[in-house]
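Reviewing the structure listed below.
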Amino acid sequence: MAKETIQSVERTFQVIELLAEKGAMGVREIGHETGLHSTVVHRVLGTLVDLGYAGQEEETGKYLLTYKMLAVGNSIQERNSVVKLAHPYLAALSEECKETVHFVERAGTNIRYIDKITPSANMFATGSHVGLEFPLAGTAVGKAILSELSEAEVKAVWDDSQIVQYTPNTICDLDRLLEELKDTRKTGFAYDMEEREAGLFCVGVSVPDYKGDYVYGISISAPLARMQEERLEEVKKHLWDTRERIIGVIGKKKNG
1 MAKETIQSVE RTFQVIELLA EKGAMGVREI GHETGLHSTV VHRVLGTLVD
51 LGYAGQEEET GKYLLTYKML AVGNSIQERN SVVKLAHPYL AALSEECKET
101 VHFVERAGTN IRYIDKITPS ANMFATGSHV GLEFPLAGTA VGKAILSELS
151 EAEVKAVWDD SQIVQYTPNT ICDLDRLLEE LKDTRKTGFA YDMEEREAGL
201 FCVGVSVPDY KGDYVYGISI SAPLARMQEE RLEEVKKHLW DTRERIIGVI
251 GKKKNG
């Protein structure tokens with residue numbers, strides 16, 4: 001079964017790559033170029049059409065890729081370029097603060113880690129890795145992103161989220177979250193005080209993309225014992241400065 005699944009994926013990409021290279025083609029042409037039986041080509045094209053990645057020309061009956069395929073490629077390119085542009089600033093922040101720095105993107109009702117930098121001198125390990133997702137409401141950086149939404153939008157995200165109580169401090173009450181977000185809107189900073197992991201403190205800020213939508217964020221994670229008031233203020237200053245530098249290269253603020 002596994003072999004058949006891999007073969008079907010391989011055939012699908014044969015067709016996709018051919019259409020990407022040569023443009024609109026008929027079933028027989030595709031079969032001739034790929035060596036696939038016309039029945040297989042029909043099945044692959046039918047799936048691509050159903051998913052919106054291919055369409056059929058009315059006049060010729062030939063198949064071609066749609067802009068949905070282009071959107072997938074653009075989104076990968078944009079994300080990779082954003083990480084590449086932001087990484088030097090994130091690395092500098094990590095070295096300045098001697099703490100773990102995360103860069104995230106919004107993924108529906110979650111945040112997804114897309115970069116992580118741990119300073120060489122740091123002996124404190126966090127349970128995070130690139131690709132990992134957590135609910136927006138369950139992380140400092142997620143709350144920073146939520147603070148850019150209206151209360152109605154926050155409620156909609158909350159209703160669609162899977163709320164998991166990781167520790168006794170995890171926010172499982174919408175009213176409590178809304179109160180926290182009021183403070184975040186005033187200061188620009190959101191916090192996670194052992195809400196996801198015992199002994200872990202995080203502070204996060206939101207970052208807009210080039211369209212002005214707040215889909216990214218930066219956080220600093222450290223042992224709670226290291227984040228006393230004076231130290232926290234220093235870390236926040238470095239974090240905010242880094243945010244402004246990254247906005248300068250990948251994003252812009254909304255007007256108003």
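For the record, in the sequence shown the residue sitting at position 170 is 170 according to full-length UniProt numbering, with numbers rising by one throughout. Each residue gets a CB set at the ideal place from its N, CA and C atoms; glycine is no exception.
For residue i, I'd like the list of residues in its chain whose CB is within less than 8 Å of its CB, leaving aside the five on either flank, ordered along the chain.
i	result
aspartate 173	none
arginine 79	Glu105 and Ile114
Just verifying my parser: in three-state terms, what is the DSSP assignment at residue i?
i	result
aspartate 50	helix
methionine 69	helix
lysine 237	helix
isoleucine 30	helix
glutamate 133	strand
arginine 43	helix
alanine 144	helix
methionine 1	Caution applies to methionine 1, whose pLDDT of 41 falls short of 50 and renders its modelled position unreliable; the model cannot decide the point.
serine 79	A small correction: the amino acid at residue 79 is arginine; serine does not occupy that position in the sequence shown. Arginine 79: helix per DSSP, three-state reduction.
leucine 36	coil
Look up residue i in the DSSP assignment and give the residues it is bridged to.
i	result
isoleucine 117	Val101
valine 203	Tyr191 and Ile220
glutamine 56	Tyr63
asparagine 110	Ala107 and Pro135
methionine 25	Tyr63
Please list, in chain order, all residues of the same chain as residue i whose beta carbon is under 6 Å from its beta carbon, the five residues on each side excluded.
i	result
glutamine 165	Cys172
lysine 62	Ala24, Met25 and Gly26
Taking all protein chains shown into account, decide if residue i is buried (16 or more other Cβ within 10 angstroms of its Cβ) or exposed.
i	result
arginine 185	exposed
valine 130	exposed
leucine 48	buried
Assuming residue i contacts residue j (C-beta within less than 8 Å), just tell me the rounded distance between them.
i	j	result
valine 27	histidine 37	Wrong, their Cβ atoms sit about 10 Å apart, outside the cutoff.
isoleucine 117	serine 94	4 Å
isoleucine 163	glycine 217	Isoleucine 163 to glycine 217, Cβ: 19 Å. No contact.
For residue i, which residues in the same chain have their Cβ closer than 7 Å to its Cβ, ignoring the five residues on either side in sequence?
i	result
histidine 87	Asp115
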